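Under this note's numbering, the first residue of the sequence shown carries the number 415, and numbering increases by one thereafter.
Have a look at the structure below, then the notes.
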Amino acid sequence: MLPYRHYIFILMTLKERYRRTIEYFQETNPLADTELEYDNPFELIVAVILSAQCTDKRVNLIMPSLTDKYPDAETMAKSTPEEIFQYIKTCSYPNNKAKHLSGMSRMLTDEFGGIVPSDPDLLQRLPGVGRKTANVVASVLFNKPVMAVDTHVFRVSNRIGLTVAKSPLACEIQLTKNIPEELIHRSHHWLILHGRYVCKSRNPLCSKCGLTVFCKYYLKKKN
Numbered sequence: 415m416l417p418y419r420h421y422i423f424i425l426m427t428l429k430e431r432y433r434r435t436i437e438y439f440q441e442t443n444p445l446a447d448t449e450l451e452y453d454n455p456f457e458l459i460v461a462v463i464l465s466a467q468c469t470d471k472r473v474n475l476i477m478p479s480l481t482d483k484y485p486d487a488e489t490m491a492k493s494t495p496e497e498i499f500q501y502i503k504t505c506s507y508p509n510n511k512a513k514h515l516s517g518m519s520r521m522l523t524d525e526f527g528g529i530v531p532s533d534p535d536l537l538q539r540l541p542g543v544g545r546k547t548a549n550v551v552a553s554v555l556f557n558k559p560v561m562a563v564d565t566h567v568f569r570v571s572n573r574i575g576l577t578v579a580k581s582p583l584a585c586e587i588q589l590t591k592n593i594p595e596e597l598i599h600r601s602h603h604w605l606i607l608h609g610r611y612v613c614k615s616r617n618p619l620c621s622k623c624g625l626t627v628f629c630k631y632y633l634k635k636k637n
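Structure, rendered in structure tokens:
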């Protein structure tokens, strides 16, 4: 039997659910940011492309030797996918990612003067840059009010009850509609980090979570 206070929160409005979730993260992790290590915009877009279905920890191990060899888009543009592959072969899908990095750096050099654009639509023109990658780059580098939805964001937002979404795009639309614009770029990291370290896929650490009092997943599990 759940405590009475839990049943009160089952009837919580969506607006209140967002407010309490944001307040919790502002208190517990106010400066949440990407765990990818980078020194400039080019390095970030390279790291984000590499991070697809790969851990940030692995990407951070790969990046130093890769960026020593290719410090900017112009340098990488002169290389071949086969040469790039040698520096990224320990990450997931290295063949495809080497081709993406080669094509991305060439287009970035030829069409954007080597400068990473801030517009998500322009970013998506680059090889290897889909909607999620573009939103990550735009939000991290330029604080754009766009939400990159990865598996962690999708899982956590649905579990807490912030969204009722069956696709990443639906999840993105619902989150950006309800989170204050100035907090969207930060909320992306709050949800990712919470999913990575607390609200894990198979064994969520509910005992360490301060959102359980109104988390729909937790209340359903305990009922």
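We treat Cβ as the ideally placed atom computed from N, Cα and C, and that holds for glycine.
Since the structure is predicted, the reported quantities are computational estimates derived from the model, not experimental observations.
Where residue i falls, given that 16 or more other Cβ within 10 Å makes a residue buried
i: Arg616; result: exposed
i: Asn510; result: exposed
i: Pro478; result: exposed
i: Val578; result: exposed
i: Gly575; result: buried
i: Pro534; result: buried
i: Lys546; result: buried
i: Ser571; result: buried
i: Thr481; result: buried
i: Ser493; result: buried
i: Ser581; result: exposed
i: Lys635; result: exposed
Contacting residues, own chain, Cβ-Cβ under 7 Å from residue i (five flanking each side not counted)
i: Trp604; result: Phe439, Asn443 and Ala446
i: Leu537; result: Pro531, Val543, Ala548, Val551 and Ala552
i: Arg434; result: Phe628
i: His566; result: Leu605, Ile606, Gly609 and Arg610
i: Pro625; result: One point to set straight first is that residue 625 is Leu, not Pro, in the sequence displayed. Excluding sequence neighbours, Leu625 sits near Thr435, Tyr438 and Ile574.
Contacting residues, own chain, Cβ-Cβ under 6 Å from residue i (five flanking each side not counted)
i: Ala655; result: Within the shown structure, residues of the chain are numbered from 415 to 637, placing residue 655 beyond reach of any answer.
i: Glu586; result: Met561 and Val563
Given residue i as reference, the closest of the options once Cα atoms are compared
i: Ser465; options: Leu515, Pro485, Leu425 and Thr577; result: Leu515
i: Ile436; options: Ile598, Cys505 and Leu633; result: Ile598
i: Asp453; options: Pro485, Cys468 and Lys471; result: Pro485
Own chain, CB closer than 8 Å to residue i, minus 5 neighbours either side, in chain order
i: Phe499; result: Pro508, Asn509 and Ala512
i: Thr427; result: none
i: Leu555; result: Pro455, Leu458, Val530 and Ser532
i: Arg431; result: Ile574, Gly575, Leu576 and Phe628
Continuous alpha helix (DSSP H) stretch holding residue i: start and end
i: Tyr397; result: No statement about residue 397 is possible, as the shown extent of the chain runs from 415 to 637 and does not include it.
i: Met477; result: Asp470 to Lys483
i: Asp535; result: Pro534 to Leu537
i: Leu654; result: For the chain, the structure presents residues 415 to 637; residue 654 sits outside this window and is missing.
i: Ser571; result: Thr565 to Ile574
i: Lys614; result: Segment: none, Lys614 is in no alpha helix (DSSP H) and carries neither H nor E.
i: Ile459; result: Pro455 to Leu464
i: Asn592; result: Pro582 to Asn592
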